[in-house]
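Peer 1: Quick one: structure below, then a few questions.
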Amino acid sequence: MTPSSPSRQETGAEPAATGADPSAPSPALLGPVRRWFAVAAVGTGVFAFTTTEMVPIGLLPAMSGDLRVSEGTVGLSVTLYGAIAGVFAPVLTAATRRVDRRLLLLLVLAVFVAGNAFTALSSSYGVLMVSRLLTGFAHGVMWSIAASIAVRLVPPAQSVRATAVVFSGISIASVVGVPFGTFVGGLSDWRTAFWSIAAIGVLILVTAAFLLPPMAPRAVVRLAELPRLLRDRNLRIATLVTAAMVTGHFAAYTYVAPFLEQDAGIPSHWVSGLLLLYGVAGVVGNFAGGAAAARALRATTLTCVLLLATAVVLLVANGSWHPGTVFLLLVWGVAYTALPVCLQTLVFASAPKAAEAATSLYICAFNVSIALGALVGGWFVDASGPSSVMFLGAGFSLLAALLMTGYRVRRPE
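Numbers in the numbering used here are just positions in the sequence shown, counted from 1, shifted up by 29.
The structure is reproduced here in structure tokens:
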């Protein structure tokens, strides 16, 4: 199905820039093997960015001791990284609107490598924060362009599958990337972990340079005209659903460890293993959600939202019955990690003529809502205990479901 799209006047889109090598192969003309390897390279880039965003969590003691600041102060390198990525995603995506997308991806990966190298070389907390914020700027652009590049590399019928491959990088990072960085840091030191991530970035950069053809930008949008995209009802709904879901999820998930230990009676030495299982379930949910969304996007999104709300409420009702806790945590993992694919596809369907600009608004809502969810969740935990954030997460999920009922599937032109 090809959704109807807003006109150029409605989106504020400019004609696509020229200047790409006319002799270069079109993405559509790539062989199927090279095409999917190129998509995988983009997904691996998302994996690397997600890993570097979250890896300080497992290295906080070592980093704080070496840099002689508190663990909470080092934790700001994660919080501010995410805030920078979200807030500046629309700004930088608009600013680079006329840059060939292959070239832009390579530049973003080069900044990623440099940022992680500078982090590894940091001699003070100030240098660390500068290097982290530099990488955060690149992160926002990467998220804005990754899915749109991937869907241009494959036939339209395979676009949702390509989106699922890209977003699998997030799920796999939570299962493999962050534990890997923590493991390397434990074997050597925290700087070696960031050097390892920088080396992975070099491999991705070289691979992407080899596999991706030049890709002229499409339907570029100026920064001042980004708000006009939100005149589209479906895009407004997709953005609000994203904000509600991410806020609710992170309000609950940020404090899942104390909930499992204090309210569900899970032994503390089980928690890391359960969260690993959650991550594995997330990889399954990512691809299962992508397959379902390709057939019924609106219904799949609603199902995942309601499934998440049900799982977190039943976790509280389940009490200390451990098999039920494990099962419901896995359901939560499947439901939540299917949602980024669904939500990104909603955004593409809502603004097909300005996909990257619309995605930058989605990324802004996503990242700001992570910080908001953790903040509000902290207030509730302090006031009422860990179980309260589960109800808070369910409440935001139900709000997202209510908003989603206003989404209208558009008929083909």
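A virtual CB, placed ideally from N, CA and C, is assigned to each residue, including glycine.
Only a predicted model underlies this, so the values are computations on that prediction, with no experimental measurement involved.
Buried or exposed for R97, going by 16 or more other Cβ atoms inside 10 Å?
Peer 2: Flag for R97 reads exposed.
Peer 1: Can you name, in chain order, every residue of its own chain whose Cβ lies under 7 angstroms from the Cβ of D50, other than the five neighbours on each side?
Peer 2: At D50 the pLDDT is 41, less than 50, meaning the model places this residue with poor confidence; the figure from the coordinates comes in the next sentence. So the qualifying residues of the chain are P243.
Peer 1: Can you tell me which of the three DSSP states L136 falls into?
Peer 2: Looking at L136 - three-state DSSP - the assignment turns out to be helix.
Peer 1: Just mark E82 as buried or exposed, buried being the case when its beta carbon has 16 or more other beta carbons within 10 Å.
Peer 2: By the neighbour-count rule (16 or more Cβ atoms within 10 Å), E82 is buried.
Peer 1: By Cβ distance, which residues of its chain are closer than 6 angstroms to V189, with the 5 residues on each side in sequence left out?
Peer 2: Only G319, A322, A323 and T374 meet the Cβ criterion.
Peer 1: What's the C-alpha gap between V140 and R437?
Peer 2: If you take the alpha carbons of V140 and R437, they lie about 39 angstroms apart.
Peer 1: What do you reckon, are the CB atoms on I178 and L134 nearer than 8 angstroms?
Peer 2: Cβ atoms of I178 and L134: closer than 8 angstroms.
Peer 1: Along the alpha helix (DSSP H) that carries G60, what are the first and last residues, could you check?
Peer 2: No alpha helix (DSSP H) holds G60; DSSP gives it neither H nor E.
Peer 1: Going by DSSP in three states, I201 sits in which element: helix, strand or coil?
Peer 2: Of the three classes helix, strand and coil, the one that applies to I201 here is helix, per DSSP.
Peer 1: When the Cα atoms are used, what is the spatial distance from P119 to L255?
Peer 2: Cα-Cα distance, rounded: 8 angstroms.
Peer 1: For A202, which residues in the same chain have their Cβ closer than 6 angstroms to its Cβ, ignoring the five residues on either side in sequence?
Peer 2: So the qualifying residues of the chain are F76, T79 and T80.
Peer 1: Let me make sure I understand the geometry here. Which of V334, M92 and F356 has the alpha-carbon closest to that of T148?
Peer 2: With distances taken between Cα atoms, T148 lies closest to M92.
Peer 1: Am I right that T192 and V180 are in contact with their C-beta atoms under 8 angstroms? What's the rounded C-beta distance?
Peer 2: About 6 angstroms separates the two Cβ atoms, so the contact holds.
Peer 1: Can you find the residues in the same chain that come closer than 7 angstroms, C-beta to C-beta, to V312, ignoring five residues on each side of it along the sequence?
Peer 2: Cβ neighbours of V312 beyond the five flanking positions: S197, S200, I201 and V204.
Peer 1: Does the Cβ of E100 have 16 or more other Cβ atoms within 10 Å, making it buried, or fewer, making it exposed?
Peer 2: Exposed, because fewer than 16 other Cβ atoms sit within 10 Å of the Cβ of E100.
Peer 1: Helix, strand or coil for W350? Go by DSSP, reduced to three states.
Peer 2: DSSP places W350 in coil when its eight states are reduced to three.
Peer 1: Pairs of beta-carbons, one from the stretch 234-243 and one from the stretch 65-72, closer than 8 angstroms: are there three or more?
Peer 2: Contact between the stretch 234-243 and the stretch 65-72 is present, because at least three Cβ pairs lie under 8 angstroms.
Peer 1: Could you please give the first and the last residue of the uninterrupted alpha helix (DSSP H) stretch that includes L182?
Peer 2: From DSSP, L182 is part of no alpha helix (DSSP H); its letter is neither H nor E.
Peer 1: Take the Cβ of V62 as the centre, count every other Cβ of all protein chains shown within 10 Å, and call the residue buried at 16 or more, exposed below.
Peer 2: With fewer than 16 other Cβ atoms within 10 Å, it is exposed.
Peer 1: Which ranges would you report for the beta strand (DSSP E) in the stretch 327-409 if only whole runs of at least 3 residues count?
Peer 2: If we require 3 residues or more, the stretch 327-409 turns out to have no beta strand (DSSP E) run fully inside it.
Peer 1: Kindly list the residues whose CB is nearer than 6 angstroms to the CB of A364, restricted to its own chain and excluding five residues on each side of it in sequence; keep chain order.
Peer 2: The residues are C333, L336 and L337.
Peer 1: With a threshold of 7 angstroms on Cβ separation, who are the neighbours of V341 within its own chain once the five nearest residues in sequence on each side are excluded?
Peer 2: Cβ neighbours of V341 beyond the five flanking positions: A281, W361, M419, G422 and A423.
Peer 1: Should the stretch 393-408 be regarded as contacting the stretch 269-285, the criterion being three or more beta carbon pairs within less than 8 angstroms?
Peer 2: Touching, yes, given that three or more Cβ pairs across the two stretches are closer than 8 angstroms.
Peer 1: Out of curiosity, what's the CA-to-CA distance linking W65 and A227?
Peer 2: Computed Cα separation, rounded: 24 angstroms.
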